[in-house]
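Here is the structure we will look at, set down as structure tokens.
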Amino acid sequence: MPESDDRPTGRPEHSAERPDRGSARDARTNRSAAAARIQHQTSWVDQQIRVAMAKGEFDNLPGAGKPIKDLGSSHDPDWWLKKLIEREQITGVLPPALALRKEDAELEASLDKEWSERVVRDRLEDFNRRVIEARRQLLGGPPVITRTRDVDAEVAAWRRRRTR
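Just so we're aligned, residue 36 is where the sequence shown starts under this note's numbering, counting upward by one.
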């Protein structure tokens, strides 16, 4: 279908109805007005920094004279999430398989803090129940390789450790 001449085919580049904002010129310098604004703003910012330095406002800032942390490392797209977890000390967000592995590695030390055999048994039974439940779930993520604990053997080991 041929285009008709009475219909505009695009935006006018430089028409009197819609002047190009970037093409406005400063009468004194014959430079673009936008370029002049940018140059003046840059000069103003530089001046503010010089004044602040002269007043000593940049002296004794935290981290002064220390290397910037993680500056030379490769880019990690999840850097902000890792920093948030570290700064806010967020815990308990591991997938069940990894959380159980971590708990399994620390289980004896945490059981040694208990004073009652009944509490030790309850904690071991709860741990075993959660391991079995995690094996049944099809949530994705790493496989559950954590083994259940023999409650009687663990209680006996707990007693031995307590007598030492």
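Ideal placement from N, C-alpha and C gives every residue a C-beta, glycine not left out. What you are looking at is a predicted structure, and each value in this text was computed from that prediction instead of being measured.
Using 10 angstroms around the beta-carbon of residue 162, count the other beta-carbons present and answer buried if the total reaches 16, otherwise exposed. Its Cβ being crowded by 16 or more others within 10 Å, residue 162 is buried.
So what does DSSP say about residue 170, is it helix, strand or coil? In the structure shown, residue 170 sits in a helix (DSSP, three-state: H, G or I).
Identify whether residue 66 lies in helix, strand or coil by the three-state DSSP scheme. Residue 66 falls in the coil class under three-state DSSP.
Pick helix, strand or coil for residue 60, following the three-state DSSP scheme. Secondary structure of residue 60 (DSSP, three-state): strand.
What is the DSSP secondary structure of residue 163, reduced to helix, strand or coil? In this structure, residue 163 counts as helix in the three-state DSSP scheme.
Helix, strand or coil for residue 96, going by three-state DSSP, please let me know. Coil at residue 96, not helix or strand.
So, using beta-carbon positions, are residue 60 and residue 69 closer together than 8 Å? The Cβ-Cβ distance between residue 60 and residue 69 does not fall below 8 Å.
Is it buried or exposed, residue 179, if we count other Cβ atoms within 10 angstroms and call 16 or more buried? By the 10 Å Cβ count, residue 179 comes out buried.
Is the beta carbon of residue 181 less than 8 Å from the beta carbon of residue 139? With respect to the 8 Å criterion, residue 181 and residue 139 are classified as neighbours on the basis of their beta carbons.
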